[in-house]
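Worksheet for the structure shown next.
Number of protein chains: 2
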Amino acid sequence: MSDNIHRALPHVLHLKRLGVDTYQEPVIYMRSDCHVCRAEGFESQSRVQVAHNNVVIIATLNVVTGEFLAPEEVGLSEAAWRLIGAHEGDAVILSHPPILESLGLVRDKAYGKRLSDADMRAIVRDITAGRYADIQLSAFITACTGNRLDLAETAALTRAMIDTGERLVWEREQVVDKHCVGGLPGNRTTLIVVPIVAAFGLTMPKTSSRAITSPAGTADVMETLANVELDVSGMRRVVEREGGCIVWGGSVRLSPADDIIIRVERPLNLDSEGQLVASVLSKKAAAGSSHVVIDIPVGETAKIRSRETAQSLSHRLVEIGRIVGLTVRTMVTDGAQPVGRGIGPALEARDVLAVLRREAGAPTDLRERALRLAGAVLEFAPEVAAGEGTRLARDILDDGRAWKKFEAICTAQGGLRDPPVAAHTHVVTATQCGRVTTIDNRRLARVAKLAGAPRAPAAGLELHVPLGAKVESGMPLFTVHAEAPGELAYALDYIAAQPEIVHMEVRS
Amino acid sequence: MSDNIHRALPHVLHLKRLGVDTYQEPVIYMRSDCHVCRAEGFESQSRVQVAHNNVVIIATLNVVTGEFLAPEEVGLSEAAWRLIGAHEGDAVILSHPPILESLGLVRDKAYGKRLSDADMRAIVRDITAGRYADIQLSAFITACTGNRLDLAETAALTRAMIDTGERLVWEREQVVDKHCVGGLPGNRTTLIVVPIVAAFGLTMPKTSSRAITSPAGTADVMETLANVELDVSGMRRVVEREGGCIVWGGSVRLSPADDIIIRVERPLNLDSEGQLVASVLSKKAAAGSSHVVIDIPVGETAKIRSRETAQSLSHRLVEIGRIVGLTVRTMVTDGAQPVGRGIGPALEARDVLAVLRREAGAPTDLRERALRLAGAVLEFAPEVAAGEGTRLARDILDDGRAWKKFEAICTAQGGLRDPPVAAHTHVVTATQCGRVTTIDNRRLARVAKLAGAPRAPAAGLELHVPLGAKVESGMPLFTVHAEAPGELAYALDYIAAQPEIVHMEVRS
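Chains as they are written, first to last, in our numbering: chain X, 9 to 516; chain A, 9 to 516.
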């Protein structure tokens with residue numbers, strides 16, 4: 009064929025800051041009558057390549073006919089503005105992006121084909137570079153849901169995620185970690201395990217996530233007590249000094265593809281086994297861990313509902329761990345009811361503080377879970393005999409070393425602070441007497457989310473009655489906390505329509 | 009539980025037109041410091057219910073910190089503005105939307121569960137009401153891709169789509185239709201079949217779609233010749249007068265859920281068997297058809313690549329047709345190469361005109377395909393014997409009745425017009441001599457789309473060499489047409505990187 013080809017010319021426009029927050033999707037605003045739209049044939053939903061100094065991103069176009077942009081101006085969503093490090097009036101070069109070939113692989117996956125290592129690398133590389141629009145991320149997530157990734161594909165996804173981010177190297181034989189697959193409200197053991205393990209002398213550079221589909225992630229809870237947005241050098245400084253840290257994984261940019269995928273998973277409320285394994289293990293490997301304990305709570309209304317699912321997940325975590333070079337030990341635990349009393353960032357932080365400070369009313373269930381997990385981590389140390397870990401952990405908590413270490417870690421992360429208190433609360437009371445037989449974790453989590461958690465850190469709920477408790481009519485069942493009256497009303501509307509969140513059997 | 013519950017209060021803000029085109033997703037722009045955001049805890053990506061007079065929609069929130077909105081003002085994307093029939097300064101009532109329960113069913117489907125009739129109705133009802141965000145639509149589409157809908161689920165989806173839109177009733181025993189499942193560029197037989205069938209005296213109220221993943225849909229092609237955006241009463245007037253019409257299905261709002269799904273399918277480039285069947289048959293049933301011929305072109309680079317896939321699709325179309333009360337006859341046809349010469353709205357319209365006007369150089373392949381299909385439709389008439397249809401169709405085309413009827417239909421739809429001509433063209437020539445052995449339909453379609461089709465109606469390409477043609481070096485292979493120079497350059501860049509679009513074997 010002829011190679012007498014005209015090349016596409018670059019087009020320049022100047023940036024105007026509009027201050028539109030599209031969450032994290034990069035969006036570009038251009039006038040429909042600007043010379044670039046006309047020459048390039050751009051229209052709304054077109055993907056546009058935006059180059060600024062040495063940074064190139066791809067944004068989704070919203071064409072503007074209003075007056076707030078001049079024809080030579082271009083606007084960016086706040087996410088896009090930050091990504092390219094823009095300043096008012098800067099020139100940007102606009103063009104058609106290269107064709108996204110990896111999208112064909114996502115289509116293949118949707119049609120049931122297996123993806124190879126190279127396929128996964130291509131997809132994850134494009135996701136990390138911000139080349140996927142949100143609907144394309146949604147298609148990838150959905151195509152991988154429901155056990156549609158086999159072991160080899162999960163390993164490929166995990167490796168691809170590790171390879172696209174930074175990877176920390178610690179000059180130590182052994183770097184330990186723990187993780188909970190989630191789904192159990194209030195299960196905030198990390199904030200207790202890290203100081204116990206670090207006080208013992210092991211190295212535990214913990215990166216935690218923010219909530220995906222739950223009312224609080226560990227990073228959200230820790231953030232009510234100390235800064236969690238440390239960069240890699242900040243994290244390294246804390247760990248060198250204290251042996252452990254609890255920071256948000258997103259700001260250290262380990263496995264950045266995972267952070268991008270999570271922002272679409274959250275509103276979809278989808279979190280499949282393959283992606284869960286890849287997400288967890290890629291973060292651990294990238295953080296430089298060598299030995300990891302993974303808590304898998306099982307309960308009818310927890311994320312994992314059956315022993316069989318837990319066993320399958322456990323098997324996959326251990327196997328994929330082996331493939332990517334991690335020693336993984338799983339613990340299947342009881343997930344029948346929330347842990348502790350609080351659900352929501354600040355309310356869960358209060359439970360953690362009570363345990364660490366050995367207060368009289370501290371929740372025993374949270375304490376005991378944390379001790380078992382800390383024990384399992386301690387048993388990775390060659391000098392700790394099997395079966396001795398939990399006793400050792402209990403000593404470190406009971407003699408105050410864990411609390412002292414937690415304070416030191418918070419200080420190293422910028423200072424310990426008091427968790428915020430909600431301005432609006434409402435006590436939900438029992439309308440009959442009886443014994444509590446089941447607690448619906450999912451609906452309780454929904455209430456906490458409707459009340460504003462995790463975005464509103466003080467929001468959530470406090471549960472006053474554990475399983476088996478005897479309740480008299482008029483006694484408090486739980487208290488809803490909210491920062492805004494609209495959110496409180498919204499949560500209460502939901503409760504009114506769901507009378508069985510705390511199920512009681514009437515005494516006969 | 010206590011029913012001492014505070015109800016969420018309505019919040020009022022006033023509309024300002026921003027003129028932002030987000031394609032069709034409803035987006036709402038509110039200042040982060042407005043009283044509604046603060047009271048309701050809304051943040052970017054929140055789904056917000058917007059009520060205006062009697063219309064209620066749900067929009068995705070983009071929080072704005074810029075100066076282009078006052079604190080008491082609220083902006084809407086153009087799609088949302090049109091949906092609620094807004095005027096500058098109108099008051100709107102904003103609140104949290106009800107929880108989207110049907111999203112749990114989409115999640116179930118992603119995890120492999122079967123959906124019942126009631127499940128599909130719930131999903132389609134929420135989609136039709138605009139309650140799904142684009143990423144949620146994307147998840148539904150992906151979860152149904154790759155034959156993940158069985159026969160019963162496909163029937164349920166089809167019925168749900170029929171039931172959520174208008175349904176036309178024609179006072180006739182028999183209402184005929186034809187459809188092509190697509191994937192073959194230039195296969196624009198509808199514009200020839202309708203006038204033949206209507207000239208014979210059958211009733212054929214044809215609603216066509218715009219392109220989903222192709223460079224032109226039938227509605228896009230017809231639009232270059234006449235108005236296709238008729239409402240139901242306009243369509244009825246044309247059909248009563250002429251016996252047939254060719255209008256865009258979207259503007260008559262038959263199966264509106266399908267139109268919403270298609271706008272996300274297009275950028276995803278996903279179009280699964282179950283959704284294809286539901287989309288086609290729901291449109292036919294809603295249009296009031298009783299008898300339908302469906303063209304299934306098969307070719308290595310057509311949408312349907314194998315006889316087996318075609319047979320499976322054919323079986324499903326006939327079966328689901330039977331369940332929803334349609335007599336369906338399928339024709340599996342040759343899809344090895346594009347039909348006619350043009351690819352793109354105006355270029356395909358020119359081929360159609362040449363056939364109808366019986367011009368000397370009219371493309372024979374397009375003519376013969378149209379005659380076979382028209383023949384199959386005519387054989388639905390009790391007075392036409394099996395095997396007689398094609399001969400009858402040929403007579404009606406050859407004696408000018410079809411062209412006269414086409415002119416009459418265009419006049420009834422507002423007047424026949426000349427298709428537009430592209431300002432920019434480029435001839436791609438052969439760099440060697442040989443015989444054309446394969447033509448890559450997918451890549452040709454890609455070239456036409458990069459050149460601007462179907463949005464730019466004059467854009468696309470003209471193919472100069474059919475399969476088997478002998479080509480000398482320097483001879484034209486195809487001509488690219490574009491309305492904008494940037495699009496021409498973009499298409500040519502792609503061609504330069506894909507030298508095998510028209511594959512030739514060198515003569516030995």
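For every residue, glycine included, the Cβ atom is placed at its ideal position computed from N, Cα and C.
Ranked by how close their Cα comes to the Cα of ASP359 (chain X), the residues X:ARG377, X:GLN421 and X:LYS291 have X:ARG377 in first place. GLY112, VAL114, ARG115, LYS117, ALA118, TYR119, GLY120, LYS121, ALA141, ASP142, ILE143 and GLN144: these are the residues of the region 112-144 of chain A whose beta carbon lies less than 9 Å from some beta carbon of chain X, given in chain order. With a threshold of 8 Å between beta carbons, GLU48 (chain X) makes contact with chain A. Taking a contact to require three or more Cβ pairs closer than 8 Å, the region 109-118 of chain A and the region 40-50 of chain A do not qualify as touching. At least 8 Å separates the beta-carbon of LYS24 (chain X) from that of GLY93 (chain X). Taking the C-beta atoms as reference points, LYS413 (chain A) is found nearer than 8 Å to PRO203 (chain A). At the C-beta level, GLY190 (chain A) and LYS291 (chain A) stay beyond 8 Å of one another. In its chain, beyond the 5 residues on either side, LEU233, ALA234, GLU415 and CYS418 have a beta carbon closer than 7 Å to the beta carbon of LEU424 (chain A). Taking GLU174 (chain A) as the centre and dropping the five residues before and after it, the same chain places the C-beta of VAL240, VAL260, ARG261, LEU262 and ALA294 closer than 8 Å to its C-beta, in chain order.
Using a CB distance cut-off of 8 Å, GLU495 (chain X) counts as an interface residue toward chain A. Taken through DSSP and simplified to helix, strand or coil, TYR502 (chain A) comes out as helix. At a beta-carbon threshold of 7 Å, the residues of chain X lying near GLN53 (chain A) are TYR31 and PRO275, ordered along the chain. Rounded to whole angstroms, MET169 (chain X) and ILE135 (chain X) show a C-alpha spacing of 10 Å.
For VAL272 (chain X), the chain A residues whose Cβ falls inside 7 Å of its Cβ are ILE143, in order along the chain.
Residue environment: ASN61 (chain X) is assigned as exposed (fewer than 16 neighbouring CB atoms within 10 Å of its CB, all protein chains considered). The beta carbons of ILE328 (chain A) and LEU289 (chain A) sit closer together than 8 Å. In terms of CA proximity to LEU123 (chain X), X:ALA151 leads the group X:GLY97, X:LEU102, X:ILE143 and X:ALA151. Of all residues in the region 453-486 of chain A, only ARG454, LEU458, ALA459, GLY460, ARG463, ALA464, ALA467, GLY482 and LEU485 come within less than 9 Å of chain X when Cβ atoms are compared, listed by chain position. About 20 Å separates the CB atoms of HIS19 (chain X) and SER85 (chain X); that is not less than 8 Å, and the two are not in contact.
For LEU233 (chain X), not one C-beta of chain A is nearer than 8 Å to its own C-beta.
At a cut-off of 8 Å between C-beta atoms, HIS22 (chain A) does not count as an interface residue with respect to chain X.
Beta-bridge partners of ALA59 (chain X) (DSSP): X:VAL64 and X:ILE101.
A distance of 8 Å or more separates the beta carbons of ILE254 (chain X) and LEU210 (chain X). Check the Cα spacing between ARG115 (chain A) and each of A:GLU181, A:ILE302, A:PHE148 and A:GLY194: the tightest is with A:PHE148. Taking C-alpha positions only, GLU470 (chain A) is separated from VAL488 (chain A) by approximately 7 Å. Uninterrupted alpha helix (DSSP H) stretches at least 4 residues long and entirely within the region 386-465 of chain A occur at 397-406, 409-420 and 449-458, given in chain order. Contact annotation for ARG25 (chain A) against chain X: GLY74 [CB-CB distance below 8 Å, chain order]. Neighbours of GLU491 (chain X) in chain A, taken as residues whose beta carbon is under 9 Å from its own, are GLY49 in chain order. The closest CA to that of GLN319 (chain X), considering only X:ARG330, X:ILE331, X:PRO305 and X:THR309, is found on X:PRO305. For ASN449 (chain A), there are no C-beta contacts with chain X under 9 Å, since the nearest C-beta of that chain is about 16 Å from it. In this structure, the alpha-carbon of SER280 (chain X) lies about 57 Å from that of ARG399 (chain A).
Going by DSSP, LYS292 (chain A) is part of the alpha helix (DSSP H) stretching over 281-294. Listed along the chain, the chain A residues whose CB falls inside 8 Å of the CB of VAL301 (chain X) amount to none; the nearest CB is some 27 Å away. Judged by their CB atoms, THR172 (chain A) and VAL132 (chain A) are nearer to each other than the 8 Å cut-off.
When C-alpha distances from LEU192 (chain X) are compared across X:GLU231, X:THR437 and X:THR226, the shortest belongs to X:THR226.
Close partners of GLY395 (chain X) in chain A (Cβ separation under 8 Å) are lacking, with about 38 Å as the shortest Cβ gap.
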